[in-house]
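Since the structure comes first, as structure tokens, the remarks are kept for the end.
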Amino acid sequence: MSAPVFTATETKADARNSTNLLNIYRNDIKPMEDMYDYSKFAPGVFEDHITNQRPLITFLGPWSAGKTSFINHLLQQDYLYTGPEPTTSEFNVVMYGPEPGNVDGTALVNNNNLPFRNLQSYGSSFISSFKGFQAPHTLLRHCTLVDTPGVLESADDLHRRKYDYHEMTRWFVERSELVFVLFDPSKLDSGQELRLLFEKSLRGFEPKIRIILNKADSLSSPELMKVYGSLLWNLSGLMTATEPPRVYVGSFWNKPYREGSFVRLFTEEKEDLMNEILVTVPRQFWDRKVTLVQKRARDVLCHAGVVSKMRGNVSLFTRASSQRKSAIKHLDETYNEIATKYNLVRMEFPDPSRYEDFLDKVKLDDYSSIDKAEKNGKLKKLLTAIHVTLPEMLKPVKGCTVVPPDEKKERDGLSKMYSMHNRSQGGSDEMGFGGGLNNSTSFSTPSRQNEMMSQMMVMMQQIVEKKRASSAQASPATSPSSTPFPPKHNSYFPPPPSDENSSQNSTNQKRLSDPNAKRLNPDDLVQLPSVRK
1 MSAPVFTATE
11 TKADARNSTN
21 LLNIYRNDIK
31 PMEDMYDYSK
41 FAPGVFEDHI
51 TNQRPLITFL
61 GPWSAGKTSF
71 INHLLQQDYL
81 YTGPEPTTSE
91 FNVVMYGPEP
101 GNVDGTALVN
111 NNNLPFRNLQ
121 SYGSSFISSF
131 KGFQAPHTLL
141 RHCTLVDTPG
151 VLESADDLHR
161 RKYDYHEMTR
171 WFVERSELVF
181 VLFDPSKLDS
191 GQELRLLFEK
201 SLRGFEPKIR
211 IILNKADSLS
221 SPELMKVYGS
231 LLWNLSGLMT
241 ATEPPRVYVG
251 SFWNKPYREG
261 SFVRLFTEEK
271 EDLMNEILVT
281 VPRQFWDRKV
291 TLVQKRARDV
301 LCHAGVVSKM
311 RGNVSLFTRA
321 SSQRKSAIKH
331 LDETYNEIAT
341 KYNLVRMEFP
351 DPSRYEDFLD
361 KVKLDDYSSI
371 DKAEKNGKLK
381 KLLTAIHVTL
391 PEMLKPVKGC
401 TVVPPDEKKE
411 RDGLSKMYSM
421 HNRSQGGSDE
431 MGFGGGLNNS
441 TSFSTPSRQN
451 EMMSQMMVMM
461 QQIVEKKRAS
471 SAQASPATSP
481 SSTPFPPKHN
491 SYFPPPPSDE
501 NSSQNSTNQK
511 RLSDPNAKRL
521 NPDDLVQLPS
531 VRK
């Protein structure tokens, strides 16, 4: 039986900000939307973005990478079922409620207080694979967690899904503040579906992505080094960003660490991750809302300009479908004109092909020139929102560093609780060292951990330099921003190092495997990017 959907009220400060944003959208932006039928060009209930009370955090990755176990770890109780086989077949939203219970997907998409109403447009084929779960955990007062089905490489498994997995995943990624992509050390060799996840679902949202190398306590020191390097190398072929993503290393579940694990490293990684969830995400949440409304206003202005321009040329090319397609091909010129006239960013304009569907739904004769919007004041309100009102709203939002006392006390309590739990998970002392009673077999001393992190930093720097060198050799027509992936090879991942570097690679391998070899000095790594923030 499904539990009733529970939604808590926002704090007064949050409600005031939401009300201001909502009024700006309804009074200054939506009139132009309605005038040029922007909802037919970009369907959906945009107000849900503004009224959403809590940030979303989405978990992605191959099957059995530990996504559901990670959520149970955050909630400190095994609310969700886990197993070695693919266990999550639905998109599962984990949110706050007075008592544990499941929530039907139909109830979620029909609730006006939740940000999922837009999912109704995907029909019953997706809603039947969408559900929720409520739990009375304090963390869920501050954020909502989204558990997703694992990436599957089997064709039979893929055909069982009645919806477009990558499209639905992108829907949640677009609305999330953070996206964790988890990897199992034993399943790093991924195929086409993982590549499509990065290409179709994650592209353009790289700043949100955090990589998690999970189940790391099952690896010895040399194994962890090799797995870490393999993961970074594989990611360099999947992500288009030139800067390496933040990679968290640890074992994110409720089980104690194995004896001899890098307890200090894992504990500090977990504390960094929880700081990002409890401190960084709430601070950025309102800024992102204002920025999202700004982008919506710019998109509406662009759309109004395009439709008005087409309307002005209606006698030339709207009498036949071929003439309309000809107009779409020349949209680049229209885009440049609008960008210059209204001081917009040309790269934010939509793909011209999207207007083919729009023109099939409407008649250009029904629309007025943008000059009419200028005369009745609608255009002036939109421009004022874009260039004055919304930018000014960012200043007080960013300046609100004072957290309400009750909320601050609650978050501090959460941070302390997680910190104590993380340190007790490894059986560590007050400084976070140890990890086992038999210290003779442990390799988790501070000096060995610092040495390992130094080598990881060198490895990351080498991979970044290889990627940048490859990008620099590309022609201007195939720059890193326009080329999604390196040239394809037999494998879905980049080719192994070239022969000219084989001798150096062989030397590096001997160095890593020889316990008597000279180790890198951390003082020599000042110019290298830090693995920790």
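So the sequence shown is numbered by UniProt numbering: it starts at 1 and just counts up by one.
C-beta atoms are modelled at their ideal positions from N, C-alpha and C, and glycine is treated no differently.
None of the values given here were measured: they were computed from a predicted structure.
Pick from the options that is closest to residue i, judged by C-alpha positions
i, options, result
"Val414", "Ser64, Asp332, Leu273, Lys309", "Contrary to the premise, residue 414 reads as Leu rather than Val in this sequence. The shortest C-alpha separation from Leu414 is found at Leu273."
"Tyr96", "Thr138, Phe116, Pro115, Asp78", "Thr138"
"Phe59", "Phe116, Cys302, Asp147, Asn112", "Asp147"
"Arg296", "Tyr38, Pro115, Ser218, Pro256", "Tyr38"
"Phe183", "Tyr165, Glu206, Ser230", "Ser230"
"Val290", "Leu344, Trp233, Thr389", "Thr389"
"Thr340", "Cys302, Glu223, Ser89, Ser369", "Cys302"
"Lys187", "Asp48, Tyr228, Gln284, Ser236", "Tyr228"
"Leu278", "Asp28, Arg54, Asn27", "Arg54"
"Ser18", "Asp48, Gly123, Val109", "Asp48"
"Ile127", "Gly191, Phe133, Glu90", "Glu90"
"Met239", "Leu194, Thr384, Glu174, Asn92", "Leu194"
"Met417", "Ala373, Leu74, Asn110, Val94", "Leu74"
DSSP three-state assignment for residue i, whether helix, strand or coil
i, result
"Thr58", "strand"
"Asn505", "Low local confidence applies: a pLDDT of 44 at Asn505 is under 50, so the model's placement there is unreliable, and no value is given."
"Gln192", "helix"
"Ser176", "strand"
"Lys131", "strand"
"Asp78", "coil"
"Phe358", "helix"
"Ala385", "helix"
"Phe183", "strand"
"Asn438", "With a pLDDT of only 36 at Asn438, under the threshold of 50, the placement of this residue in the model should not be trusted; the figure read from the coordinates follows. Correct three-state label for Asn438: coil."
"Met95", "strand"
"Leu213", "strand"
"Asn20", "helix"
"Val109", "helix"
"Val345", "coil"
"Arg258", "coil"
"Val227", "helix"
"Val45", "coil"
"Tyr367", "coil"
"Tyr163", "coil"
"Thr478", "Since pLDDT at Thr478 reaches only 41, below the 50 mark, its modelled position is unreliable, and the value read off the structure follows with that caveat. In the structure shown, Thr478 sits in a helix (DSSP, three-state: H, G or I)."
"Asp104", "strand"
Residue i versus residue j - alpha carbon distance
i, j, result
"His142", "Lys200", "29 Å"
"Pro149", "Ala304", "39 Å"
"Phe349", "Arg298", "9 Å"
"Met225", "Trp253", "21 Å"
"Thr169", "Thr334", "33 Å"
"Lys215", "Thr51", "37 Å"
"Arg117", "Ile209", "25 Å"
"Phe358", "Glu167", "20 Å"
"Arg519", "Phe262", "For Arg519, the predicted structure reports a pLDDT of 41, less than 50, and the residue's modelled location is therefore unreliable. A value from the coordinates is still provided. Those two C-alpha atoms are separated by around 19 Å."
"residue 557", "Asp371", "This structure cannot speak to residue 557, because the chain is shown only from 1 to 533."
"Val362", "Val300", "17 Å"
"Arg346", "Ser221", "49 Å"
"Tyr165", "Arg311", "38 Å"
"Ile71", "Phe172", "17 Å"
"Gln77", "Ser308", "57 Å"
"Gly66", "Pro98", "26 Å"
"Lys270", "Asn102", "28 Å"
"Asn112", "Ser218", "45 Å"
"Ser353", "Gly204", "19 Å"
"Glu276", "Ala107", "31 Å"
"Glu223", "Pro185", "9 Å"
"Lys162", "Asn343", "43 Å"
"Ser236", "Glu174", "22 Å"
"Ala241", "Leu394", "27 Å"
Spatial neighbours of residue i in its chain, beta-carbon cut-off 6 Å, leaving aside the 5 residues before and after
i, result
"Pro31", "Lys378"
"Phe180", "Phe59, Arg210, Ile212"
"Leu197", "Val151"
Close-in-space but distant-in-sequence residues of the same chain around residue i (CB under 7 Å, 5 per side omitted)
i, result
"Pro43", "Ser121"
"Leu382", "Asp28, Ile29, Met32, Ala297, Val300, Leu301"
"Ser251", "Asn214, Lys215, Ala216, Asp217, Tyr257, Phe266"
Anticipated Cβ contact below 8 Å, residue i with residue j, distance rounded
i, j, result
"Arg288", "Glu392", "Rounded, the Cβ-Cβ distance is 17 Å, inconsistent with contact."
"Tyr79", "Ala135", "5 Å"
"Gln294", "Ile211", "That pair is no contact at about 29 Å."
"Leu145", "Ile57", "5 Å"
"Phe130", "Gly105", "4 Å"
Beta-carbon proximity list for residue i, same chain, < 8 Å, skipping 5 on both sides
i, result
"Phe46", "Tyr25, Arg296"
"Val306", "Leu331, Thr334, Tyr335, Ile338, Tyr355"
"Ile328", "Pro352, Ser353, Tyr355, Glu356, Leu359"
heavy atom of the ligand GTP below 7 Å from residue i C-beta
i, result
"Val179", "Only the bare structure without any ligand can be found here, which leaves the ligand GTP out of the picture."
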